[in-house]
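Number of protein chains: 2
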Amino acid sequence: MSITSKDIARICGVSRGTVDRALNNKPRINPKTKEKILRVARELNYRPDLVARSLAKGETMSIGVVVFDIRNRYFAQLVNAIETEAKKYGYLLNITLQGKDPEMELRLIDNLVARRVDGLIICPVNKGDAFEKYLKNLTIPLIVIGNMVSHDIPFIGIDEYRASRDAVKLISSKKYKNIVFVCPPLKDREKENIYSHEERLKGFIDELKERKGIRYEVVDSWDYLNEVDRLLSRSDEKTALYCSGDTFALEIMKHLRKRNVEIPNQVGIMGFDGIDILDYITPRLATIYNPVETIGIKAVENLIRLIKGESIEKQLFIEYKVMEGESV
Amino acid sequence: MSITSKDIARICGVSRGTVDRALNNKPRINPKTKEKILRVARELNYRPDLVARSLAKGETMSIGVVVFDIRNRYFAQLVNAIETEAKKYGYLLNITLQGKDPEMELRLIDNLVARRVDGLIICPVNKGDAFEKYLKNLTIPLIVIGNMVSHDIPFIGIDEYRASRDAVKLISSKKYKNIVFVCPPLKDREKENIYSHEERLKGFIDELKERKGIRYEVVDSWDYLNEVDRLLSRSDEKTALYCSGDTFALEIMKHLRKRNVEIPNQVGIMGFDGIDILDYITPRLATIYNPVETIGIKAVENLIRLIKGESIEKQLFIEYKVMEGESV
DNA sequence: TTGAAAGCGCTAACAG
DNA sequence: CTGTTAGCGCTTTCAA
Numbered sequence: 002m003s004i005t006s007k008d009i010a011r012i013c014g015v016s017r018g019t020v021d022r023a024l025n026n027k028p029r030i031n032p033k034t035k036e037k038i039l040r041v042a043r044e045l046n047y048r049p050d051l052v053a054r055s056l057a058k059g060e061t062m063s064i065g066v067v068v069f070d071i072r073n074r075y076f077a078q079l080v081n082a083i084e085t086e087a088k089k090y091g092y093l094l095n096i097t098l099q100g101k102d103p104e105m106e107l108r109l110i111d112n113l114v115a116r117r118v119d120g121l122i123i124c125p126v127n128k129g130d131a132f133e134k135y136l137k138n139l140t141i142p143l144i145v146i147g148n149m150v151s152h153d154i155p156f157i158g159i160d161e162y163r164a165s166r167d168a169v170k171l172i173s174s175k176k177y178k179n180i181v182f183v184c185p186p187l188k189d190r191e192k193e194n195i196y197s198h199e200e201r202l203k204g205f206i207d208e209l210k211e212r213k214g215i216r217y218e219v220v221d222s223w224d225y226l227n228e229v230d231r232l233l234s235r236s237d238e239k240t241a242l243y244c245s246g247d248t249f250a251l252e253i254m255k256h257l258r259k260r261n262v263e264i265p266n267q268v269g270i271m272g273f274d275g276i277d278i279l280d281y282i283t284p285r286l287a288t289i290y291n292p293v294e295t296i297g298i299k300a301v302e303n304l305i306r307l308i309k310g311e312s313i314e315k316q317l318f319i320e321y322k323v324m325e326g327e328s329v
Numbered sequence: 002m003s004i005t006s007k008d009i010a011r012i013c014g015v016s017r018g019t020v021d022r023a024l025n026n027k028p029r030i031n032p033k034t035k036e037k038i039l040r041v042a043r044e045l046n047y048r049p050d051l052v053a054r055s056l057a058k059g060e061t062m063s064i065g066v067v068v069f070d071i072r073n074r075y076f077a078q079l080v081n082a083i084e085t086e087a088k089k090y091g092y093l094l095n096i097t098l099q100g101k102d103p104e105m106e107l108r109l110i111d112n113l114v115a116r117r118v119d120g121l122i123i124c125p126v127n128k129g130d131a132f133e134k135y136l137k138n139l140t141i142p143l144i145v146i147g148n149m150v151s152h153d154i155p156f157i158g159i160d161e162y163r164a165s166r167d168a169v170k171l172i173s174s175k176k177y178k179n180i181v182f183v184c185p186p187l188k189d190r191e192k193e194n195i196y197s198h199e200e201r202l203k204g205f206i207d208e209l210k211e212r213k214g215i216r217y218e219v220v221d222s223w224d225y226l227n228e229v230d231r232l233l234s235r236s237d238e239k240t241a242l243y244c245s246g247d248t249f250a251l252e253i254m255k256h257l258r259k260r261n262v263e264i265p266n267q268v269g270i271m272g273f274d275g276i277d278i279l280d281y282i283t284p285r286l287a288t289i290y291n292p293v294e295t296i297g298i299k300a301v302e303n304l305i306r307l308i309k310g311e312s313i314e315k316q317l318f319i320e321y322k323v324m325e326g327e328s329v
């Protein structure tokens, strides 16, 4: 057993209340007794039990985080930023991964709430009214990142719709005659929250509707590599593949490399997210840089405001950046 | 305020002890009262307060993790594996990042201990006797990953020395006349624990000592790109760059690509770790595959054994794999 | 089968 | 300036 404040009180011949005042820099204590208590505490290498403190104070100084998976570059960068920022304020992270499993997500949120984390940051896979209601009934503050659930629940992300239109503008400026939006997650739209991809899709379509003379279509299959083969063999028009995620773009590039298809000479490619490993890839992938670090930092800032009972703006859109690259 | 077991007791007209028996499937309770309590609990959406439970039971069902940084692929994969495995046993993770700051590492470990995590998994940046003693004095079980601190402290990793010799064997088999070990972390050997890199260095040297006719040298500078330029301009022998980490290899490949140096025709490159993004890189990098998922899983398994008071083997070496690639 | 009471280690409120 | 008391919500022990 480790040493408690009671032990210190006994040894110093004072009450636990006095020990508390000394240890936590509270007023109304004799400097000499304070000094003595601090000395004894140090000598005995006293460490307060933070579990007990949490129970007494009703705060744990922890933030619960629920995301898909941190092998995913995007979430690795996000969680990294959240941890670094939270630490500055004395908060530690309870991080949990739902692996796109809606049931698991609910279980994890329940568990974190039961552990009395002071707030939650989630990138949800669930969606819909029931989920919205569930979140609203939580007793703790919450910030949603990426996949918006409703306009009523605090959200931080980028304006995916506008970013997607910008992506299409960039591609169009390169005189492609045919643009394909590659977005496998659309396949899962029934069961999963794919808000961000749906916004990107809308932006893609709206932008192209306004432009004449460019054909476009959508690939919404996880078998997208074969789809790409089929599309490219079928048409001899200058085609660009606009991918709703850098990872899909990288997979396609790897695939085309095997087929000796040259990028961007024979086909153009654009991604979305601006994950950090693009640094190592040739040709440099055109993409939308999603400021994930900033999003993480803002999420922590806003969450802490909520924890303190302060108010925040319900929707916070961070500026993204169009990265030209060499692949389109 | 949320509802407590006391409320349930009051409503059901029983004592808190009985409520506990019902809720936690304990014996010696009348099935009918149990049923009633469970029903009421469900109706009121009762959730036990896990902080209170932790205080009462003396266990938190959390595991503390301290690593460098999870933008680093290696740690992202590691933490991902640890989380997934720990969750199976009902443990959540408190993950913290020390960013190679020794002071920070100590503060984080202290904090986690104060939060009464049931065990720790760390990849330490500290080293030496004082640190070893500090770790031994911790009141909770601990597993060290990667950077061994001492043979007395439970460790999981690969046999870096042997792996490094195997790497050199692979390179040698390709008839290089000059092999350069690129290992910037050596620069920090005074202040940081770079056990794994030092083992790799030893393996490199020992293997080459046994082979005649191959020149070798070591680059231990963070300015390694310029060093590489200098080395390559100086010699016209067939040279291979053996990097103590895939990231260094990727940086060099990117650098050489700009200089239009062909790999492996003009210079060979080999990495270490086998991080997942190599999938997207051409030419395929030769490397040592470090089974980080397995290491994470084993770390959790062993830690839980320690938590339960069971015994484990102090040193656990997982099998690595030599990946031939096309870069050497 | 159930209840009562004590305790986990800390904080907070009030009285002295 | 200091001590006392109660309480956070749960588990555990012992007695009934």
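Sequence lines, in order, name chains A and B. Count along the first sequence from 1, add 1, and you get the number used in the working numbering. Count along the second sequence from 1, add 1, and you get the number used in the working numbering. Idealized CB from N, CA, C, for every residue including glycine.
Using 8 Å for Cβ pairs, my map puts residue 304 of chain B next to residue 156 of chain B. What's the rounded Cβ distance? The pair is not a contact, with the Cβ atoms about 12 Å apart (cut-off 8 Å).
Can you tell me which residues form a DSSP beta bridge with residue 244 of chain B? Looking at the DSSP output, residue 244 of chain B bridges to B:183.
Given that residue 23 of chain A touches chain B, what residues does it touch there, using C-beta distances under 9 Å? One finds nothing in chain B with a Cβ atom closer than 9 Å to the Cβ of residue 23 of chain A; even the nearest lies about 18 Å away.
Is residue 126 of chain B helix, strand or coil when you go by DSSP? Residue state, collapsed to three classes: coil.
Continuous beta strand (DSSP E) stretch holding residue 218 of chain B: start and end: Following the DSSP letters along the chain, one finds residue 218 of chain B inside the beta strand (DSSP E) bounded by residues 216-220.
Own chain residues within Cβ distance below 6 Å of residue 12 of chain A, not counting five before or after: When the five nearest sequence neighbours on each side are left out, the beta carbons in the same chain lying within less than 6 Å of the beta carbon of residue 12 of chain A are those of 41, in order along the chain.
For residue 14 of chain A, which option in A:27, A:22, A:38, A:3 has the closest C-alpha, if you only look at C-alpha atoms? It is A:38.
Closest Cβ-Cβ distance between residue 95 of chain B and chain A: below 8 Å? It does; some Cβ of chain A falls within 8 Å.
Alpha carbon to alpha carbon, how far is residue 240 of chain A from residue 181 of chain A? Give it in angstroms, no decimals. If I take the Cα positions, the gap works out to 7 Å.
Using beta carbons (cut-off 8 Å, strictly below), is residue 281 of chain B in contact with chain A? True, the Cβ-Cβ gap to chain A drops below 8 Å.
To the nearest angstrom, how far is it from the Cα of residue 325 of chain A to the Cα of residue 287 of chain A? So the two alpha carbons sit approximately 5 Å from each other.
Please confirm if residue 53 of chain A has its CB atom under 8 Å from at least one CB of chain B. The beta-carbon of residue 53 of chain A is placed less than 8 Å from the nearest beta-carbon of chain B.
Does residue 63 of chain B pass the burial test, meaning 16 or more other C-beta atoms within 10 Å, or should it be called exposed? Label assigned to residue 63 of chain B: buried.
Can you check which of these residues, A:215, A:159, A:117, is closest to residue 57 of chain A by C-alpha distance? Comparing Cα positions, the closest option is A:117.
Could you give the residue range of the beta strand (DSSP E) that holds residue 62 of chain B? Segment: none, residue 62 of chain B is in no beta strand (DSSP E) and carries neither H nor E.
For residue 283 of chain B, which of helix, strand or coil comes out of DSSP? In the structure shown, residue 283 of chain B adopts coil according to DSSP, grouped into three states.
To the nearest angstrom, how far is it from the Cα of residue 222 of chain B to the Cα of residue 187 of chain B? Cα to Cα, residue 222 of chain B sits roughly 8 Å from residue 187 of chain B.
Hey, is residue 84 of chain B's beta-carbon within less than 8 Å of any beta-carbon in chain A? Taking Cβ atoms only, chain A reaches closer than 8 Å to residue 84 of chain B, which makes this a yes.
Taking Cβ-Cβ distances shorter than 9 Å, what residues in chain A pair up with residue 27 of chain B? Those within 9 Å of residue 27 of chain B in chain A number zero; the least Cβ separation is about 19 Å.
Alpha-carbon spacing of residue 171 of chain B relative to residue 242 of chain B, whole angstroms: Inter-residue distance for residue 171 of chain B and residue 242 of chain B is about 12 Å (C-alpha atoms, whole angstroms).
Mapping the DSSP letters down to three states, classify residue 154 of chain A as helix, strand or coil. DSSP places residue 154 of chain A outside both helix and strand once states are collapsed to three, so it counts as coil.
Where residue 24 of chain B and residue 132 of chain B are concerned, what is the direct C-alpha to C-alpha distance, given to the nearest angstrom? Cα atoms of residue 24 of chain B and residue 132 of chain B: separation of roughly 44 Å, rounded to the nearest angstrom.
According to DSSP, which residues form a beta bridge with residue 323 of chain B? According to DSSP, residue 323 of chain B bridges with B:289.
What whole-angstrom Cβ distance do residue 144 of chain B and residue 122 of chain B have, given they're in contact under 8 Å? In this structure residue 144 of chain B touches residue 122 of chain B by the C-beta definition: roughly 5 Å separates them, less than 8 Å.
Residues of the segment 55-74 of chain B with a CB closer than 7 Å to any CB of chain A: list them in chain order, please. If the cut-off is 7 Å between Cβ atoms, the segment 55-74 of chain B has 55, 56, 61, 70, 71, 72 near chain A.
Taking the beta strand (DSSP E) that residue 204 of chain A belongs to, which residues open and close that run? That residue, residue 204 of chain A, is in no beta strand (DSSP E); its alpha helix (DSSP H) goes 196-210.
Contacts that residue 103 of chain B makes with chain A (C-beta to C-beta distance below 7 Å): Residues of chain A passing the Cβ test: none, with the nearest at roughly 16 Å.
Spatial neighbours of residue 68 of chain B in its chain, beta-carbon cut-off 6 Å, leaving aside the 5 residues before and after: If the five residues before and after residue 68 of chain B are omitted, its C-beta is found closer than 6 Å to the C-beta atoms of 76, 124, all from its own chain and listed in chain order.
In terms of alpha-carbon separation, which member of B:128, B:95, B:99 lies closest to residue 115 of chain B? Of the listed residues, the one whose Cα sits closest to residue 115 of chain B is B:95.
Residues in the same chain with beta-carbon distance under 8 Å from residue 90 of chain B, minus the five sequence neighbours each way, listed in chain order, please. Within the same chain, residue 90 of chain B has close Cβ partners 301, 305.
At a Cβ cut of 8 Å, what residues of the segment 120-141 of chain A count as close to chain B, listed as they run along the chain? For the segment 120-141 of chain A, which is checked against every Cβ of chain B, the residues closer than 8 Å are 140.
For chain A, check one thing: does any of its Cβ atoms lie closer than 8 Å to the Cβ of residue 253 of chain B? Judged by the 8 Å Cβ criterion, residue 253 of chain B is not in contact with chain A.
If you follow the beta strand (DSSP E) that residue 269 of chain A is in, where does it begin and where does it stop? Per DSSP, the unbroken beta strand (DSSP E) holding residue 269 of chain A starts and ends at 268-271.
Rounding to the nearest angstrom, what Cα-Cα distance links residue 322 of chain A and residue 163 of chain A in this structure? Straight through space, the alpha carbons of residue 163 of chain A and residue 322 of chain A are spaced by roughly 11 Å.
Suppose you measure from the CA of residue 310 of chain B to the CA of residue 88 of chain A; what does that come to, to the nearest Å? Cα to Cα, residue 310 of chain B sits roughly 32 Å from residue 88 of chain A.
List the endpoints of the continuous alpha helix (DSSP H) containing residue 96 of chain B. First-last for residue 96 of chain B: 93-98, but that is the beta strand (DSSP E), not the alpha helix (DSSP H).
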